[in-house]
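Below is one structure, written out as structure tokens; comments come after it.
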Amino acid sequence: MSSQLGRRAFLRHGLTVGGLALAAPAVLTACVSGGDGDGSRFGIASQRLAWVKNTQFAGSYLADRNGYYVQEGFSGADLVSGGPTAPPIESDVLSRTFTGVSQVPIVGSAVAKGAPLKIIGAVYARNANCIMSMGASPIETPQDLYGRTIGCSSSSEPVWRNFVAALGLDASRITTVPVQGDPIGMTTGEIDGYVGFVNNQVVDLRGKGFDIHAMLLADVGFPLVGQTYITTQDVLDNDREKVKAFLRAEVRGWKDVLADPQHATDLTVNDYGRTLGLDPRTTLDACIAGNELIRTGEPGQRVIDISDATVEANVRAIAAGGLDLSPDTLFDLGPIREVHQEDPALALA
Numbered sequence: 000m001s002s003q004l005g006r007r008a009f010l011r012h013g014l015t016v017g018g019l020a021l022a023a024p025a026v027l028t029a030c031v032s033g034g035d036g037d038g039s040r041f042g043i044a045s046q047r048l049a050w051v052k053n054t055q056f057a058g059s060y061l062a063d064r065n066g067y068y069v070q071e072g073f074s075g076a077d078l079v080s081g082g083p084t085a086p087p088i089e090s091d092v093l094s095r096t097f098t099g100v101s102q103v104p105i106v107g108s109a110v111a112k113g114a115p116l117k118i119i120g121a122v123y124a125r126n127a128n129c130i131m132s133m134g135a136s137p138i139e140t141p142q143d144l145y146g147r148t149i150g151c152s153s154s155s156e157p158v159w160r161n162f163v164a165a166l167g168l169d170a171s172r173i174t175t176v177p178v179q180g181d182p183i184g185m186t187t188g189e190i191d192g193y194v195g196f197v198n199n200q201v202v203d204l205r206g207k208g209f210d211i212h213a214m215l216l217a218d219v220g221f222p223l224v225g226q227t228y229i230t231t232q233d234v235l236d237n238d239r240e241k242v243k244a245f246l247r248a249e250v251r252g253w254k255d256v257l258a259d260p261q262h263a264t265d266l267t268v269n270d271y272g273r274t275l276g277l278d279p280r281t282t283l284d285a286c287i288a289g290n291e292l293i294r295t296g297e298p299g300q301r302v303i304d305i306s307d308a309t310v311e312a313n314v315r316a317i318a319a320g321g322l323d324l325s326p327d328t329l330f331d332l333g334p335i336r337e338v339h340q341e342d343p344a345l346a347l348a
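The sequence shown begins at 0 in numbering that gives the first Met the number 0 and counts up by one.
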């Protein structure tokens with residue numbers, strides 16, 4: 000099946016991930032900066048974000064604000080916000096945006112259904128997903144999940160399901176209940192834990208004075224990367240230099256976030272995420288937590304690149320959840336590796 004036929008079939012039939020029907024979106028809401036695309040080599044760098052405009056995407060904000068997209072040949076940026084009511088990322092990338100930010104199990108599910116998508120890099124060396132619990136009754140190991148009630152949003156369900164399967168846990172001994180985006184029920188005893196993000200809900204509840212324990216899934220045998228960039232096979236086949244230009248801009252933006260999280264926070268709170276009413280202190284804590292997921296501690300780390308060993312580990316992890324995909328079917332890291340090979344100065348010191 001050609002990538003164009005696969006794209007049309009996917010958009011026509013959609014797919015179901017975690018009980019959600021994914022189909023072509025009707026409307027996108029975005030904020031476009033820069034020129035109108037005329038006179039630039041690559042036009043607008045359109046990107047569908049995985050969530051609302053918090054610091055999770057600060058590298059893209061800095062790539063935009065500091066002119067990196069324009070310097071790399073784009074006329075500007077179109078950062079399309081996500082959120083609980085937004086259309087599926089994968090459908091947006093297939094139909095409307097150049098790239099998107101998603102998660103390995105969700106992209107894998109789409110690819111298994113015939114979507115001609117590829118993961119081209121990841122911001123986080125360790126996925127931000129965690130099991131949150133109250134400090135008075137912490138969930139510290141996977142076995143501590145037995146007999147507990149865990150809240151999980153529909154968007155996190157693919158990761159949760161794959162985690163349980165990959166670790167060989169008995170799902171019948173864990174009660175999973177749908178909770179849409181807010182773990183506050185954990186503080187009142189309605190649920191014992193919540194599938195959240197260490198740089199989002201954990202930071203938020205701690206900022207409100209709650210004693211929160213976080214068990215990062217990546218630390219207990221589920222080594223997924225996070226914030227994966229995706230694009231279509233057609234783009235990779237026909238616009239490889241555009242992909243590389245985008246990735247160069249993103250690497251430069253994320254290096255700026257690592258160098259100055261306070262500036263990244265200010266830009267998020269006062270500009271890109273200004274309509275969200277973000278708390279500056281909590282947002283800074285979230286940015287710092289995200290930076291810890293980016294850094295591996297290895298000298299010369301190549302931001303957004305993923306090692307072959309990590310790719311293999313990710314493929315094995317989702318295979319336990321029923322997604323039997325080869326590394327080459329799901330990943331194409333050629334462009335990001337070429338970017339770093341062509342400019343070694345992009346590596347972290």
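Don't be surprised by glycine CBs; every beta carbon is placed ideally from N, CA and C. This structure is a prediction, so every number in the text was calculated from the model and none was measured.
Can the beta-carbon of residue i be found less than 8 Å from the beta-carbon of residue j?
i: I118; j: L329; result: yes
i: G225; j: A121; result: yes
i: R125; j: L215; result: yes
i: R280; j: G167; result: no
i: P222; j: A316; result: yes
i: F73; j: A44; result: yes
i: F196; j: C129; result: yes
i: Y193; j: G220; result: no
i: P104; j: G320; result: yes
i: A98; j: T227; result: Reading off the sequence shown, one finds Thr at residue 98, where the question assumed Ala. Going by C-beta atoms, T98 is not nearer than 8 Å to T227.
i: E66; j: W253; result: At residue 66 the sequence reads Gly, which differs from the Glu that was named. Not closer than 8 Å, so no.
i: L283; j: T295; result: no
i: Y123; j: I335; result: no
i: L266; j: S108; result: no
Taking the alpha-carbon positions, what's the residue i to residue j distance?
i: N290; j: V256; result: 8 Å
i: E341; j: Y271; result: 31 Å
i: P115; j: D236; result: 11 Å
i: T174; j: D203; result: 25 Å
i: D35; j: Q55; result: Unreliable positioning characterises D35 in this predicted model, as indicated by a pLDDT of 44, which lies under 50. A coordinate reading is not provided.
i: D77; j: D63; result: 9 Å
i: L347; j: R251; result: 10 Å
i: Q179; j: N199; result: 14 Å
i: P298; j: T187; result: 44 Å
i: E71; j: S132; result: 44 Å
i: G75; j: V69; result: 6 Å
i: S368; j: P177; result: With the chain running from 0 to 348 in the structure shown, residue 368 is simply not present.
i: V310; j: E249; result: 20 Å
i: G42; j: L61; result: 18 Å
i: G333; j: V268; result: 35 Å
i: G276; j: V201; result: 18 Å
i: V110; j: P343; result: 32 Å
i: N189; j: L144; result: Note that residue 189 is Glu in the sequence shown, not Asn. If you take the alpha carbons of E189 and L144, they lie about 15 Å apart.
i: V338; j: D259; result: 23 Å
i: A350; j: A127; result: Outside the displayed range of the chain (0 to 348) lies residue 350, so it cannot be described from this structure.
i: K52; j: V234; result: 25 Å
i: G113; j: Q232; result: 12 Å
i: Q261; j: T274; result: 19 Å
i: D331; j: S101; result: 15 Å
i: D191; j: P157; result: 20 Å
i: A217; j: D238; result: 33 Å
Which stretch, first to last residue, makes up the alpha helix (DSSP H) that contains residue i?
i: L204; result: Q200 to G206
i: T328; result: P326 to L329
i: I190; result: Element bounds for I190: n/a, residue is neither H nor E.
i: L61; result: A57 to R64
i: A263; result: P260 to L266
i: G150; result: Per DSSP, G150 belongs to no alpha helix (DSSP H); it is in the beta strand (DSSP E), T148 to C151.
i: G289; result: P279 to I293
i: G333; result: G333 to E341
i: V122; result: Segment L116 to Y123 is the beta strand (DSSP E) holding V122; no alpha helix (DSSP H) there.
i: V69; result: Y67 to Q70
Can we count residue i as close to the ligand MG, meaning its CB is less than 7 Å from some heavy atom?
i: V103; result: This structure lacks the ligand MG; in fact it carries no ligand of any kind.
Return no unless some Cβ of chain D is closer than 8 Å to the Cβ of residue i.
i: Q46; result: Absent here is chain D; the protein component of the structure consists of one chain.
What first and last residue would you give for the beta strand (DSSP E) that runs through residue i?
i: D77; result: G75 to V79
i: A303; result: The amino acid occupying residue 303 in the given sequence is Ile; Ala does not appear at that position. Looking at the DSSP string, I303 is not in any beta strand (DSSP E), and its letter there is neither H nor E.
i: V176; result: T174 to P177
i: Q46; result: I43 to R47
i: T98; result: T98 to S101
i: I183; result: It is not in any beta strand (DSSP E) - I183 carries neither H nor E in the DSSP assignment.
i: I88; result: Unbroken run through I88 is the alpha helix (DSSP H), I88 to S94; no beta strand (DSSP E).
Can you pull the DSSP bridge partners for residue i?
i: N128; result: F196
i: Q226; result: Paired residues: none, contrary to the question.
i: L215; result: C129
i: K243; result: Paired residue(s): none; K243 is not in a bridge.
i: L166; result: For L166, which the question treats as bridged, DSSP gives no partner whatsoever.
i: T231; result: L116
Quiz prompt | At least 3 beta-carbon pairs within less than 8 Å: the region 85-102 vs the region 301-312 | solution = As far as the Cβ criterion goes, the region 85-102 does not touch the region 301-312, which means the pair count is below three.
Quiz item: Using 8 Å as the threshold, is the region 136-143 in touch with the region 71-85, meaning 3 or more CB pairs across them?
Solution: no
Quiz item: Quick check: the region 149-163 against the region 230-248, are there 3 or more CB pairs under 8 Å?
Solution: no
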